[in-house]
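Q: In our numbering, the protein residues as written are 2 to 116.
What follows is a structure written as structure tokens; I'll ask about it next.
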Amino acid sequence: MHELGAAVDLFKVVEKEARKNGLKKVSKVRVKLGEASGIKDDFLRHSFVDHIFPGSMAEGAELEIIEEKVNIVCKDCGARIDISKDDPSKCLACGGSSLEVTGGKDFCVDSIEGE
Ligand SMILES: [Zn+2]
Ligand SMILES: [Zn+2]
2 MHELGAAVDL
12 FKVVEKEARK
22 NGLKKVSKVR
32 VKLGEASGIK
42 DDFLRHSFVD
52 HIFPGSMAEG
62 AELEIIEEKV
72 NIVCKDCGAR
82 IDISKDDPSK
92 CLACGGSSLE
102 VTGGKDFCVD
112 SIEGE
């Protein structure tokens, strides 16, 4: 077993969407992946391209991963913290430590294309 369980579940959504839209073949799958979801994009890609797509209605489909950045907001003053640059343990604007993660947790199908 090499594939990600979460990717298998997500693919069920893809198949459902495809059926709903009358598609027989899926040529492109766009997935939204949050930085804070805990899922590695290369493992996700491997799961889809090497294990899930082959033999399915998305055989040979293109996978596009849209990375969603983590968004941390200070609950005290509303400032945003950029975790790629700043220390995420406290607010740089007011020094407060009640921080809230408001984005980057998504793992979902953004859209699909096919015919
Ligand atoms: Zn594998
Ligand atoms: Zn603050």
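Cβ coordinates follow ideal geometry from the N, Cα and C atoms, glycine included.
Bear in mind the structure is a predicted one, so any value in this text is a computation, not a measurement.
Do you know how far the Cα of residue 91 is from the Cα of residue 32?
A: In the sequence shown, counting from the first residue as 1, residue 32 sits at position 31. In the sequence shown, counting from the first residue as 1, residue 91 sits at position 90. The C-alpha of residue 32 lies about 31 angstroms from the C-alpha of residue 91.
Q: Among 34, 13, 19, 12, which has the Cα closest to the Cα of residue 108?
A: Indexing the sequence shown from 1 puts residue 108 at position 107. It is 34.
Q: Measuring CB to CB, does residue 19 end up less than 8 angstroms from residue 82?
A: As a first step, residue 19 must be located in the sequence shown, where it is residue number 18. As a first step, residue 82 must be located in the sequence shown, where it is residue number 81. No. Outside cutoff.
Q: From the DSSP output, read off the bridge partner residues of residue 82.
A: Here residue 82 refers to the residue found at position 81 of the sequence shown. 73.
Q: Quick check: does the Cβ of residue 10 come within less than 7 angstroms of any heavy atom belonging to ligand 1?
A: Counting from one through the sequence shown, the residue named residue 10 turns up at place 9. No, Cβ of residue 10 sits at least 7 angstroms from all heavy atoms of ligand 1.
Q: If we count the other Cβ atoms within 10 Å of its Cβ and call it buried at 16 or more, is residue 54 buried or exposed?
A: As a working mapping, residue 54 is identified with position 53 in the sequence shown. Buried, by the Cβ-count rule.
Q: Kindly list the residues whose CB is nearer than 7 angstroms to the CB of residue 111, restricted to its own chain and excluding five residues on each side of it in sequence; keep chain order.
A: Translated into positions along the sequence shown, residue 111 becomes position 110. Once the five neighbours on either side are set aside, the close Cβ partners of residue 111 are 31, 32, 33, 67.
Q: Quick check: the Cα distance between residue 78 and residue 29, rounded to an integer number of angstroms?
A: Residue mapping note: residue 78 aligns to position 77 of the sequence shown, counting from 1. Residue mapping note: residue 29 aligns to position 28 of the sequence shown, counting from 1. Rounded to whole angstroms, residue 78 to residue 29 spans 42 angstroms at the Cα level.
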